[in-house]
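Visitor:
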Amino acid sequence: MTWSQKLKNDSLEEKILEILTVDARISNREVGRLLNVSDVTIGKRLKAMQRSGAIRITALVNPQALGLNCAAFVRLKTAPEMARKIAMSAAALKEVPFVSLTGGPHNVVTLAVVEDRQALADLVHQHFRRWKGIYSLETHELISSPKHRLDVVRIVDQDQKRPAA
Numbered sequence: 073m074t075w076s077q078k079l080k081n082d083s084l085e086e087k088i089l090e091i092l093t094v095d096a097r098i099s100n101r102e103v104g105r106l107l108n109v110s111d112v113t114i115g116k117r118l119k120a121m122q123r124s125g126a127i128r129i130t131a132l133v134n135p136q137a138l139g140l141n142c143a144a145f146v147r148l149k150t151a152p153e154m155a156r157k158i159a160m161s162a163a164a165l166k167e168v169p170f171v172s173l174t175g176g177p178h179n180v181v182t183l184a185v186v187e188d189r190q191a192l193a194d195l196v197h198q199h200f201r202r203w204k205g206i207y208s209l210e211t212h213e214l215i216s217s218p219k220h221r222l223d224v225v226r227i228v229d230q231d232q233k234r235p236a237a
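Throughout, our numbering is defined as the position within the sequence shown, counted from one, plus 72.
1. Within the same chain, show all residues whose beta-carbon is closer than 6 Å to that of I127, passing over the 5 residues directly before and after it, in chain order.
2. Determine the direct distance from the alpha carbon of G125 to that of L165, and round the result to whole angstroms.
3. Using DSSP bridges, identify the partner residues of H212.
4. Rounded to whole angstroms, what is the Cα-Cα separation between A163 and L183?
5. Are I88 and R117 touching if we call contact CB-CB under 7 Å?
6. Whole angstroms is fine: what's the gap from A191's alpha carbon to A151's?
7. Would you kindly report the start and end of the unbroken beta strand (DSSP E) that includes L140?
8. With a cut-off of 8 Å on the beta carbons, I'd call L173 and R156 a contact; round off their distance for me.
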């Protein structure tokens, strides 16, 4: 299903999103000019999409520009009753920007972003391997990412640690 189908087949909202995914700092006036509608209309549509939880306008961080050159998925097979607690412990780590409870043999999957392989090893041994309830752990260092869509993410309410409504 495309964005327009999810947005009640609203092609204007889809076009607004296409523009914003290229440059989120563009003014409502410029978006309106590009789409031949008023900046007020653009503003109203953006507010509605934000209120509904469909979008959040934010900055993207390039970890490599900050010296964080090593990224890895850390997949954990945990005791079922410990999965949520382990996921929340992982979520509390600054080096872990992504945590998910999943189906399948690994019920917790995280993404770790650190300076180098030594920092990854330290993170795994000083944190993950010390937590109770982990049966096994696999680390998969990212070598290349031919596709990584930063414009499609699950928006999580940071105060409540759950998806935004």
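Cβ coordinates follow ideal geometry from the N, Cα and C atoms, glycine included.
Guide: Inspection of the coordinates gives the following:
1. M121
2. 25 Å
3. DSSP output for H212 lists F145 as bridge partner(s).
4. 10 Å
5. yes
6. Cα to Cα, A191 sits roughly 26 Å from A151.
7. L140 -> no beta strand (DSSP E), and no H or E assigned at all.
8. 7 Å
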